[in-house]
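K.L.:
Residue numbers (my numbering): 6 to 672. We put the CB at the ideal spot given by N, CA and C, even for glycine. Quantities reported herein were computed from a predicted structural model and do not represent experimental measurements. Have a look at this one.
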Ligand code: SF4
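What follows is the structure, encoded as structure tokens:
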């Protein structure tokens, strides 16, 4: 029964859910691109059932950004499996998380190295008749002798392979243990934290990769999918082409930023110094090193020159960079330097691999950076930027427009369904990602009970630059914070920047006696511990006030269900800091989209951050809470008219007096 009903794992559809799933199913059947804007509670995860019902032998690939999104789909697919027991699922979340040998450095490189050493030894032993590498005494002895900190062989990989005698000599295959475990993992629910335990002595990544070959659904992290090289390799090892895949991109409002990050490349002062050391070490053994070596002080001088600037981030002219770097060198242009560097990189990589050093070298980083600089001169979707950081100047070739790559990715797959709870206005995201590519849009209303929420917008405060020093405005913001702190139970206040968070947290520390304060830490580990403490409070009958940054660690991808969070207030419009780089980005998009370009490149991400932050409160239909936008710009038509329909319909404008009254009335 390959119908939507046959795959849908719940007794009933939620309001509008069937319409959404039918749109997704049609995309899986006919191909194309669909963007689904569906608020929390719409049942978006069931899109996977819709694609399964119409996939016609294709694989369904779901790309997620976080482990909590991955777990959501593992849970959903477990339910689907109760209806379709034969369903096979696998996931690949990156070797850093999956590899038992992952330590410092680039695990992909390390893996490549230990696998090639292991393969060479296994083959050698197989030629001598030892077909089961894990039982071969020579291999076992070598593993025992290995330095655990710097392994040259991978015992997990060795346990994952076996040789069989063929007419053409020994041929390598997945071991029986790997095949048995792969089979098990596709048909049982295995959480990511249990994966290492379950894989035992075989490689968890190899196990999942093998499982993925037979799986109907594969869950991937964004990186696996968005990185051309990684995706090509992955699909090749699965024996599929993109046209044999129906794709789901979860929380797709993040795709643009991730895609840009993958295409950007940075060069730090410390990395340049390291490249210099690496080149010095190669002088004796490799020709042509001196010419490149003389170029490095020129890049150093360029970085040094930038230190007189007071900006923390600014644009630099790639033509000046090129002139300065090439001047007095033996090279006519940067492309020629890149050619030599590529040759050197290749050599150094090979010799390092032979010596068991699998780290990415600084020379490779330098090569990549200079290569991108040459590309950026003819491609306006790349900007050359420098940043001032604690360790010195960082040069970056930054991608500012994900559209080309997003379109390539959408078109190469049979079907591509993007889902998000904050895709509003979805038409702007469509333009931003796909320009003129035909896209079907599906926008759903908020179906949670309206009486469970109150949405207020302060009409008398702002964090607009012109009012940041205005005493009256700052005093009013403090009054809003004090009034909001009186809401019962756990609540959160989000600020547009760490700077503003620090500014107001000083006042709050002295003013809020009955709630425990939790201030977002820049350190991830500490932030995680603090958040766990905050979430434990309701069980102890106490409550806390969470102070965080919009777009930070506590504002997205977390489910604060029930009593865990009774209200959230966003102070200001969380726009990215304005500087020359931002202006250039806006100009680029103005040129592309006219007036709407500024909205798409500057205001849209800020609106999304605010919606994500207040969206933490109401995660189930039973949750109740107060949502506050502490910024009068949300009442201006250019922003107000682009908010989701439920927000436009329910938002009550207030001043500090009516805000206090509304807070006092809320039960
Ligand atoms: S083969 Fe597997 S266990 Fe070995 S290094 Fe690679 S990912 Fe890690």
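#1: I need the DSSP call for residue 37, collapsed to helix, strand or coil.
#2: Which class does residue 313 belong to by DSSP, given the choice of helix, strand or coil?
#3: Report the rounded CA-to-CA distance for residue 196 versus residue 292, giving the unit in angstroms.
#4: Once DSSP output is grouped into helix, strand and coil, what is the label at residue 320?
#5: Under 7 Å from any heavy atom of the ligand SF4, does the C-beta of residue 190 make it?
#6: Any residues whose CB sits closer than 6 Å to a heavy atom of the ligand SF4? List them in chain order?
#7: Looking only at its chain, what residues have a beta carbon closer than 6 Å to the beta carbon of residue 272, apart from the 5 residues adjacent to it on each side?
#8: Taking the alpha carbon of residue 323 as the point to measure from, which residue in 499, 384 and 94 has its own alpha carbon closest?
#9: Give the C-beta separation of residue 543 and residue 569 to the nearest angstrom, bearing in mind that I take them to be a contact with Cβ-Cβ under 8 Å.
#10: How do the stretch 185-193 and the stretch 85-102 stand: do at least 3 beta-carbon pairs fall below 8 Å, yes or no?
#11: Would you decide whether residue 45 is buried or exposed? Buried here means 16 or more other CB atoms lie within 10 Å of its CB.
#12: Does the distance from the C-beta atom of residue 277 to that of residue 335 stay below 8 Å?
#13: Ends of the alpha helix (DSSP H) at residue 75?
#14: Compute the Euclidean distance between the alpha carbons of residue 306 and residue 339, then round it to the nearest angstrom.
#15: Just mark residue 628 as buried or exposed, buried being the case when its beta carbon has 16 or more other beta carbons within 10 Å.
#16: Please report the straight-line C-alpha distance between residue 630 and residue 571, rounded to a whole angstrom.
#17: Decide if the stretch 629-645 is in contact with the stretch 456-468; the criterion is three or more beta carbon pairs, one per stretch, under 8 Å apart.
#18: For residue 141 and residue 118, I'd like the C-alpha separation in whole angstroms.
#19: Are the stretch 472-490 and the stretch 70-85 in contact at 8 Å, needing three or more beta carbon pairs?
#20: Measuring CB to CB, does residue 467 end up less than 8 Å from residue 505?
#21: Go ahead and pull the three-state DSSP assignment for residue 349.
#22: Please tell me whether residue 560 and residue 616 are closer than 8 Å, where the distance is taken between their beta carbons.
#23: Going by alpha carbons, who is nearest to residue 84 out of 115, 24, 16 and 395?
#24: What separation, rounded to the nearest whole angstrom, lies between the Cα atoms of residue 545 and residue 492?
#25: Can you name the start and end residues of the alpha helix (DSSP H) that residue 263 belongs to?
#26: Under three-state DSSP, which class holds residue 391?
#27: Does the Cβ of residue 315 have 16 or more other Cβ atoms within 10 Å, making it buried, or fewer, making it exposed?
#28: Please state whether DSSP places residue 14 in a helix, a strand or coil.
#29: Which runs of the alpha helix (DSSP H), 4 residues or longer, sit entirely within the stretch 472-509?
#30: What residue from 471, 364 and 557 has the CA that sits closest to residue 157's CA?
#31: Out of 243, 209, 236 and 232, state which residue places its alpha-carbon closest to the alpha-carbon of residue 217.
#32: Let me check understanding here. Comparing Cα to Cα, which of 533, 490, 483 and 520 lies closest to residue 512?
#33: Could you please give the first and the last residue of the uninterrupted alpha helix (DSSP H) stretch that includes residue 208?
#34: So, for residue 327: in the same chain, excluding its five sequence neighbours on each side, which residues have a beta-carbon less than 6 Å away from its beta-carbon?
#35: Taking only runs that begin and end inside the stretch 511-578, name each unbroken beta strand (DSSP E) of 3 or more residues, in chain order.
#36: Could you name each continuous beta strand (DSSP E) segment of 3 residues or more that falls completely within the stretch 91-168, going from the start of the chain to the end?
P.N.:
For this structure:
#1: strand
#2: coil
#3: 51 Å
#4: strand
#5: no
#6: 100, 104, 105, 106, 116, 119, 120, 159, 161, 162, 208, 210 and 211
#7: The beta carbon of residue 272 sits closer than 6 Å to those of 374 and 400, all from its chain and outside the five residues before and after it, given in chain order.
#8: 384
#9: 6 Å
#10: yes
#11: Under this definition residue 45 is a buried residue.
#12: It is not a contact, given that the beta carbons lie outside the stated cut-off.
#13: 72-88
#14: 16 Å
#15: buried
#16: 5 Å
#17: yes
#18: The C-alpha of residue 141 lies about 21 Å from the C-alpha of residue 118.
#19: no
#20: no
#21: helix
#22: no
#23: Taking residue 84 as reference, the option from 115, 24, 16 and 395 with the minimal CA-CA separation is 16.
#24: Within the model, the alpha-carbon separation for residue 545 versus residue 492 is close to 18 Å.
#25: 260-268
#26: strand
#27: exposed
#28: The answer is coil: DSSP assigns residue 14 none of H, G, I, E or B.
#29: Taking only runs of at least 4 residues, the alpha helix (DSSP H) segments lying wholly in the stretch 472-509 are 476-489.
#30: 364
#31: 243
#32: Checked all of 533, 490, 483 and 520; the closest Cα to residue 512 is 483.
#33: Here residue 208 belongs to no alpha helix (DSSP H), and DSSP marks it neither H nor E.
#34: 339
#35: 521-524, 549-554 and 572-576
#36: 94-97
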